[in-house]
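Q: First the structure, which I've put down as structure tokens, then a few questions once you've had a look.
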Amino acid sequence: MAKVNITNNIRTLRFLANEMTQQALAEKTGVSRQTIVAIENGKYFPTLELAFRIAQIFAKPLEEVFTFELLTEPENKKPKN
Amino acid sequence: MDIKEKRILVSLLSSVLVILFYSWYVYSKYIADNPAILNDFKFWGSSFIVLIPVAIGIQIVIQIIFAIVTHILNKGEEIDPIDDERDKLIELKAIKISHYLFILGFVLAMGTLAMGMQPWVMFVVLISSGFLASMVNEILRLYFYRKGV
Chain A
748 MAKVNITNNI
758 RTLRFLANEM
768 TQQALAEKTG
778 VSRQTIVAIE
788 NGKYFPTLEL
798 AFRIAQIFAK
808 PLEEVFTFEL
818 LTEPENKKPK
828 N
Chain B
-1 MDIKEKRILV
9 SLLSSVLVIL
19 FYSWYVYSKY
29 IADNPAILND
39 FKFWGSSFIV
49 LIPVAIGIQI
59 VIQIIFAIVT
69 HILNKGEEID
79 PIDDERDKLI
89 ELKAIKISHY
99 LFILGFVLAM
109 GTLAMGMQPW
119 VMFVVLISSG
129 FLASMVNEIL
139 RLYFYRKGV
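Those protein sequences? They're chains A and B, same order as listed.
Under my numbering, the first residue of the first sequence carries the number 748, and numbering increases by one thereafter.
Under my numbering, the first residue of the second sequence carries the number -1, and numbering increases by one thereafter.
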């Protein structure tokens, strides 16, 4: 399977949302502040549900909060006859 | 180091202390004077059965003391008690690996019997692998909190 790189703009979006604190975002999404810190630092990739919750809080579509990038192309498998 | 990492560290240290003190207590009270008791299955059974509630009780008391001390040191501020999806994932991964380790220990313990060793060797290997698996579980949780999961 190809390696992927998932990044996020949560720090920027918090800044734009009147310097929302990590604790405030954590409370709104129902997770701990440590989880928000881990997501911001790229040490944890949230579930789809939490990702949507975060995007909803900033009123942004998911792809504006998280970006997905394939690092290596998967090998093309030969089609079966 | 955040509160969850500190809690794991306290749990790790208290587990080590409990097993060390309990082993010393059982050795000095029963084994030192009568080494033949090592081949008594009733001795091993009762040692296991007493160890479990003692270890759980001491862990609970230590965690309560830790929570009180943390609350005082944080000047009454609410500490983060939420157990969320990341915590559950970390716990699952750590449990999975530590279970593999315990299974390996179990197989080794059965291996000692298969090789014709004394039954007490099997019990020692079994208890040691359980203890080691528990330690590895805590260390892995600490590792996943630090390095990411």
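Every residue, glycine too, gets a C-beta built ideally from N, C-alpha and C.
The model shown is predicted, which means the values in this text are computed figures rather than measured ones.
Quick check on DSSP: helix, strand or coil for Phe805 (chain A)?
A: Of the three classes helix, strand and coil, the one that applies to Phe805 (chain A) here is coil, per DSSP.
Q: What is the rounded straight-line gap between the Cα of Ile58 (chain B) and the Cα of Tyr791 (chain A)?
A: Taking the straight line from one Cα to the other gives about 30 Å.
Q: Going along the chain, which unbroken runs of the alpha helix (DSSP H) with 4 or more residues stay wholly within the stretch 749 to 820 of chain A?
A: Runs of the alpha helix (DSSP H) inside the stretch 749 to 820 of chain A: 757 to 763, 769 to 776, 780 to 787, 795 to 804 and 809 to 812.
Q: For Tyr141 (chain B) and Lys40 (chain B), I'd like the C-alpha separation in whole angstroms.
A: So the two alpha carbons sit approximately 39 Å from each other.
Q: Which residue's Cα is closest to the Cα of Ile1 (chain B): B:Met133, B:Met113, B:Lys91 and B:Val67?
A: It is B:Val67.
Q: To the nearest angstrom, report how far apart Ile125 (chain B) and Val8 (chain B) are at their CA atoms.
A: The alpha-carbon atoms of Ile125 (chain B) and Val8 (chain B) are separated by roughly 21 Å.
Q: Take Lys91 (chain B) as the anchor and find which of B:Trp22, B:Tyr28, B:Ile29 and B:Ile137 has the nearest alpha-carbon.
A: For the residues B:Trp22, B:Tyr28, B:Ile29 and B:Ile137, the minimum Cα distance to Lys91 (chain B) belongs to B:Ile137.
Q: Looking at the secondary structure, which residues open and close the alpha helix (DSSP H) in which Pro51 (chain B) lies?
A: That run of the alpha helix (DSSP H) goes Phe39 to Leu71.
Q: Name the chain A residues whose beta carbon is nearer than 7 Å to that of Val147 (chain B)?
A: Chain A residues near Val147 (chain B): Tyr791.
Q: Identify which residue in B:Ile80, B:Ser21, B:Asp38 and B:Leu130 has its Cα closest to the Cα of Ser779 (chain A).
A: With distances taken between Cα atoms, Ser779 (chain A) lies closest to B:Ile80.
Q: Using three-state DSSP, classify Val123 (chain B) as helix, strand or coil.
A: Note: Val123 (chain B) maps to helix in three-state DSSP.
Q: Count the other CB atoms within 10 Å of the CB of Leu758 (chain A); is the residue buried (16 or more) or exposed (fewer)?
A: Per the sequence shown, residue 758 (chain A) should be read as Arg rather than Leu. Per the 10 Å Cβ criterion, exposed.
Q: What residues of chain B sit near Gln769 (chain A), judged by a beta carbon separation below 8 Å?
A: Within chain B, no residue comes near Gln769 (chain A); the closest Cβ sits about 11 Å away, beyond 8 Å.
Q: Return yes when the Cβ of Thr776 (chain A) is within less than 8 Å of the Cβ of Arg800 (chain A), no when it is not.
A: It is a contact, given that the beta carbons lie within the stated cut-off.
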